[in-house]
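Structure first, then comments.
Residue numbers (this note's numbering): 4 to 388.
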């Protein structure tokens, strides 16, 4: 999700933002010192500021549209020990000129809330490895600084199949942690909440320009544009409601090997973490990252379902049927391809578009319906909750 600094168009990096694309050693040391009280809870060695001999700062990446940068802060102690933390510094615009800028601005507020409101700690307790927050400075709608532990890959890179299974286990733990009514509170304005009210960066309500373009297309894309609202409404009523990661792609995941030889996904980037059908994470991850054939996809969905069922049954939560998961997955795939086709040039496995057309055929018999309302009626008839 991060953008290398040399890829940011100069027109987007205005003078008002340039100062956050640089951090001097004094600023770096000040940030590290503010992190020190959290070191023991994060499993880092307890340190006093007087024990630090030096702090070096290295810019790792820039954020989209020149909104800020990611830094590695590497400190050395007088005893010769060295360790590193990560700092994400964001300068939010006072006025947003587009819905895209507003979406990004809101997403950084949400990421700060993910760490400030205890969601990272909650996931760590559930066995989901995420960065541990060391220090967060956030003034809603203004600047954000998040200092966190640095996650690193460890051991040989796992096979594609093994890494997919490991990450699906990670997703099942996330989804079970926030299952059903727990997702409502997590995405409210209450303490312990403040995640996205609608998770996933491609959800329909945040993409009106792409939706208009799709409805102005022809063929199956026009049909998808007219059916998009019906698909969105159906997914909002889906029995698999939870909190989604919202951007579950490989660039936000790294893998480590535990001492017991287990593959451990380590996951970053919680800007679009919020409420939605669990299958939205599944459709996105499988379509852009795994690209499985039909047999392997079914195996992976059964694998995920078994893990989710085990976790929900352990806390006496009813589990929707596997058949309902398959229906939800097809609709979530339609939802993802709706945005990908127009907003991202068809990113992901475009072979899934044939499945989108099958869903549309079920709704309209292969001929475009006159209105979005007609598709909503067809959805209620063909895919009731």
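Ideal placement from N, C-alpha and C gives every residue a C-beta, glycine not left out.
(request) Tell me whether the beta-carbon of residue 280 lies closer than 7 Å to the beta-carbon of residue 327. (result) no
(request) Go ahead and label residue 62 buried or exposed: buried means 16 or more other beta carbons lie within 10 angstroms of its beta carbon, across all protein chains shown. (result) exposed
(request) Counting only runs of 3+ residues fully inside the region 196 to 256, write out the beta strand (DSSP E) ranges in chain order. (result) 244 to 247
(message) Mapping the DSSP letters down to three states, classify residue 121 as helix, strand or coil.
(response) coil
(message) Out of 288, 319, 91, 317, which one is the CA nearest neighbour of residue 303?
(response) 288
(message) For residue 13 and residue 64, I'd like the C-alpha separation in whole angstroms.
(response) Any reading at residue 13 must be qualified, since the residue scores a pLDDT of 33, below 50, and its modelled position is unreliable; the value itself is stated next. Going by the C-alpha atoms only, they are around 15 Å apart.
(message) Just to confirm my understanding: we take residue 211, look at its own chain, exclude 5 residues before and 5 after, and list those with CB closer than 8 Å. What are they?
(response) 102
(message) If I measure Cβ to Cβ from residue 291 and keep anything under 7 Å in the same chain, skipping five residues before and after, which residues do I get?
(response) 252, 350, 351
(request) Check the DSSP bridge columns for residue 269 and list the partner residues they point to. (result) 132, 257
(request) Would you decide whether residue 9 is buried or exposed? Buried here means 16 or more other CB atoms lie within 10 Å of its CB. (result) Per-residue confidence for residue 9 stands at a pLDDT of 33, beneath the threshold of 50, marking its modelled position as unreliable; the derived number appears in the next sentence. Burial call: exposed.
(message) Once DSSP output is grouped into helix, strand and coil, what is the label at residue 366?
(response) helix
(request) Give the secondary structure of residue 322 by DSSP, where H, G and I count as helix, E and B as strand, and everything else as coil. (result) coil
(message) Just to confirm the assignment, what range does the alpha helix (DSSP H) spanning residue 80 have?
(response) Run containing residue 80: none in the alpha helix (DSSP H); it sits in the beta strand (DSSP E), 71 to 80.
(request) Mind reading off the beta-carbon distance from residue 88 to residue 147? Whole number of angstroms is fine, and I expect it under 8 Å. (result) Actually they do not touch by this definition, with Cβ atoms about 16 Å apart.
(message) Given this structure, state the Cα-to-Cα distance separating residue 223 from residue 360, to the nearest angstrom.
(response) 7 Å
(message) On the criterion of 16 or more Cβ atoms from any shown chain inside 10 Å, does residue 388 qualify as buried, or is it exposed?
(response) exposed
(message) Does residue 184 come out as helix, strand or coil in the three-state DSSP assignment?
(response) helix
(message) Would the region 227 to 240 count as touching the region 331 to 343 if we require 3 or more Cβ pairs under 8 Å?
(response) yes
(message) Does residue 101 come out as helix, strand or coil in the three-state DSSP assignment?
(response) coil
(message) I'd like to confirm the pairing. Which residues does DSSP put opposite residue 138 in its beta bridges?
(response) 150
(request) Determine the DSSP secondary structure at residue 340, reduced to helix, strand or coil. (result) helix
(request) Compute the Euclidean distance between the alpha carbons of residue 28 and residue 57, then round it to the nearest angstrom. (result) 9 Å
(request) Report yes or no: do the region 253 to 263 and the region 149 to 168 share at least 3 C-beta pairs separated by less than 8 Å? (result) yes
(request) Report the rounded CA-to-CA distance for residue 19 versus residue 295, giving the unit in angstroms. (result) With a pLDDT of only 39 at residue 19, under 50, the local geometry of the prediction cannot be trusted, and no value is derived from it.
(message) In the DSSP assignment, the beta strand (DSSP E) including residue 61 goes from what residue to what residue?
(response) 55 to 65
(request) Give a yes or no on whether the C-beta atoms belonging to residue 133 and residue 181 are separated by under 7 Å. (result) no
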